[in-house]
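One structure below.
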Amino acid sequence: MSDKKTFYITTPIYYPSDNLHIGHAYTTVAADTMARYKKMRGFDTYFLTGSDEHGQKIQRRAHAAGKQPQEFVNEIIINFKHLWRVLEIDNDDFIRTTDEHHIRICQELFQKIYDQGDIYKSEYTGWYCTDCETFFTELQVGEGHVCPDCGRAVETMKEESYFFRMNKYADRWLQFMTDNPDFIRPESRRNEMINFVRQGLEDLCVSRTTFDWGIPVPFDQKHVIYVWFDALINYISALKGQGDGSLYEKFWPADVHLVGKDIIRFHTIIWPIMLMALDLPLPECVLGHGWVLIDSDKMSKSKGNVIDPIYLCEKYGVEAVRYFLMREMGYGLDCNYSEELLGRRINNDLANDYGNLLSRTTGMIEKFQGSVIEPPVEPTEFDAELIAMAKAIPEKFGRLMDKMEWANALSELWKLVNKANKYIDDAAPWALNKAGQQGKLSSVLYNMAEVLRFVTIMAAPVMPGLPKRVWRQLGIAEQTQLHTWESLEWGRLPAGTKISRGEPLFPRIDLAALAAEAKPEAPEAPAAPAMEPIAPTCTIDDFARLDLRVVKVLACEKVANTDKLLKFTLELGTEQRTVLSGIAEFYQPDELLGKNLVLIANLQPVKIRGIESQGMLLSAMEGKKLRVIEAPDMPSGAKIS
RNA sequence: GGCGGUGUAGCUCAGCGGUUAGAGCACUCGGCUCAUACCCGGGGUGUCGCUGGUUCAAUUCCAGCCACCGCUACCA
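Numbering (the numbering used here), first residue to last: 91 to 731.
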């Protein structure tokens, strides 16, 4: 049994309803960087990521694709794993919430909390969108009581549910946060969470009956366990479910749960309280990072601005992408992504500063010393300052890495790169060579190579594929004892080493060409926001289940006290229909009088604001624009097929 | 509405009760030539959001205002 210090870090388990984007890549790269760094510092590390595969959305997506949920997610998980391979993610385990051991442990823990009385049966009442089959809060539905997703009216609904007695633990939670001020980071998020809990905690609804793609509640098979309860358990089940349980003994509690800022509350309130109820130790800290914004805007499928990390890696190389992410995102802040920003980072930091430093170092050793690193026999007046800085950097860099301030750590490290470039200009080895000052020349070239060794070791957790290329060029590929954190002692690089000059590490990006290539999209193409992806194939029979009819608008009025609802009286052949539609933001009530529109005539009626809506009008929506579908010159009642 | 935060060079941000307010990028001039048209050096603009207050002294503390942002539970 090792007595090394341990380090357990996790990412969220991602939801396989779609492929992952650059934001997910950020979280996972950050966790991977941290795990590699800790490993290098001698920690026994465990790095967990995975997938959160249950829930209604998956079930619906699978159904739409004509697949079983398990089959559906299996295919997406392949893409997840492929992405992590491309990004050089070295995780120790990949947990899936459909893994047998996860399901078993999740049920055990749910049962335990139930047995001790902290889960009880009651009734959940909320605003419900039948269309989206989703509950919403008062705040989410707003005054108009419309679905925040689809804009249709919602209704109140009751559901028998199990509730988790969160409120019971509120005081204990607050005390814990007082005693552990670094548990929630950054501090701004901590304050938000504390403020939230101070306003009082309600018990959490932790079971669902409206769908069945989930882990069954062990003592009541009508219910499945709420996806967040299910998902959060992964951090423990992954350890407990493996082998003899020694992983759990060794690594729990986790040192860091790395999460995006959007899911901080689940990780800092619900999860700790679950652990309190289970009488298990809490993790050391939850770090909520910002988002990767695209042109200062949130990434989203509907905006069509989702960035695929695999494309970036293929185009720019994985090391560059990882460096960009880790360098660009400030602690707790959002960062911007654009291809130009990425290109600038690559050119300035990686190509010009770092890559070129290696290039000029190997270039001169090759040219002036027959490719051999000679011993530093005669120092120049510039050596002391450079060496002092190199010696001081590991401590500074390490302190920032320990605090997970990756961007600052890299910024600190690059000060040494810049210093080395300046050192070369000051010492001017080409002049020393010309003057025949071999002693000084060999010192300068030695120092340059040694700085490169230092920087490369420290940069390795961020760019894990980089060192072997550099070691090969510096001629120390085989000497692994020179690649470690412990070897960051100035002067370990052995004289007599034969270097082998190679290709540039990071070719410069032609930014002008990049800009030119981006331009052609601008003209006329009316800012085509990439359209929504086409839904999975359906059969003619699927379509035939819908009965679409032409209807004529006989009357239309605004529904009182709502912002979005219009009430239509429609002529459908010989009958009349009353239909509500959430389009009041787009049409005045009298605008549509007499027009022929398209109605889903066999949609199950639903009561909204006390009015029964007998169908649904079709409309097209793009961004903030909406137009109803018209069917001019056709009599009402005509069937659409 | 409630609570909290931010507002500093063209951009991203650092900073701080007290000498001429900083970094990187962008821009520009000069130098060098080992190097990936690279590196090194010089240069400039900032009413440090607005208005008051405390102080010998505020960009830095306090108040008000304006602007922007975050949180305000059961959506993964």
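Don't be surprised by glycine CBs; every beta carbon is placed ideally from N, CA and C. Note that this is a predicted model, so its numbers are computed, not measured.
- In this structure the region 503 to 515 touches the region 440 to 447; the number of beta carbon pairs closer than 8 Å is three or more.
- For threonine 227, the closest C-alpha among the options Lys505, Pro484, Thr246 is that of Thr246.
- In the three-state reduction of the DSSP assignment, isoleucine 305 falls in the coil class, being assigned neither a helical nor a strand state.
- Checking the DSSP bridge columns, you'll see tryptophan 217 partnered with Phe226, Thr246.
- In the structure shown, cysteine 196 falls within a helical segment according to DSSP collapsed to helix, strand and coil.
- Within the DSSP secondary-structure output, methionine 711 pairs in a beta bridge with Leu716.
- Inclusion of alanine 344 and tyrosine 98 in the CB contact set at 9 Å is warranted, their separation being smaller than that value.
- Beta-bridge pairing by DSSP links phenylalanine 254 to Ile209, Leu294.
- In its chain, beyond the 5 residues on either side, Ser327, Lys330, Gly331, Gln332 have a beta carbon closer than 8 Å to the beta carbon of histidine 191.
- Per DSSP, leucine 490 is one residue of the alpha helix (DSSP H) stretching across 473 to 492.
- Methionine 389 places its beta carbon 9 Å or farther from that of histidine 172.
- In this structure, the CA atom of cysteine 196 is about 46 Å from the CA atom of alanine 674.
- In this structure, leucine 660 lies near valine 641, with their beta-carbon atoms less than 9 Å apart.
- Rounded to the nearest whole angstrom, the CA to CA distance from asparagine 270 to isoleucine 363 is 15 Å.
- In the pairwise beta carbon analysis, the region 145 to 152 is classified as touching the region 295 to 310: at least three pairs are separated by under 8 Å.
- Using a C-beta cut-off of 8 Å, the region 514 to 528 makes no contact with the region 486 to 501, since fewer than three inter-stretch Cβ pairs fall below that distance.
- The beta carbons of threonine 96 and threonine 123 sit no closer together than 9 Å.
- Within the DSSP secondary-structure output, arginine 639 pairs in a beta bridge with Leu689, Lys729.
- Residue range 112 to 130 is occupied by the alpha helix (DSSP H) that includes lysine 128.
- Assigned with DSSP and collapsed to three states, methionine 389 falls in coil, not helix or strand.
- For glycine 378, the closest alpha carbon among the candidates Ile354, Lys340, Leu372 is that of Ile354.
- In this structure proline 102 is in contact with threonine 117, their Cβ atoms being roughly 7 Å apart against a cut-off of 8 Å.
- Counted as a single uninterrupted DSSP element, the alpha helix (DSSP H) harbouring valine 287 occupies residues 277 to 288.
- The Cβ neighbour count for proline 551, taken over all protein chains shown within 10 Å, is at least 16; the residue is labelled buried.
- Under the three-state reduction of DSSP output, isoleucine 589 falls in the coil class, being neither helix nor strand.
- Using a C-beta cut-off of 8 Å, the region 430 to 440 makes no contact with the region 449 to 464, since fewer than three inter-stretch Cβ pairs fall below that distance.
- Here valine 244 is not near methionine 267, since their CB atoms are 9 Å or more apart.
- In this structure arginine 435 is in contact with arginine 417, their Cβ atoms being roughly 6 Å apart against a cut-off of 8 Å.
- In the displayed model, arginine 667 falls within a strand according to three-state DSSP.
- Cβ contact annotation for phenylalanine 319 (same chain, cutoff 6 Å, sequence separation greater than five): Val296, in chain order.
- Taking each of Lys340, Arg242, His114 in turn and checking the Cα distance to glycine 380, the smallest one comes out for His114.
- Within the same chain, and ignoring the five residues on either side of arginine 598 in sequence, the residues whose Cβ sits closer than 6 Å to its Cβ are Asn437, Ala441.
- A Cβ-Cβ contact shorter than 9 Å links phenylalanine 184 with glycine 140.
- Between the alpha carbons of glutamine 704 and valine 669 lies a distance of about 5 Å.
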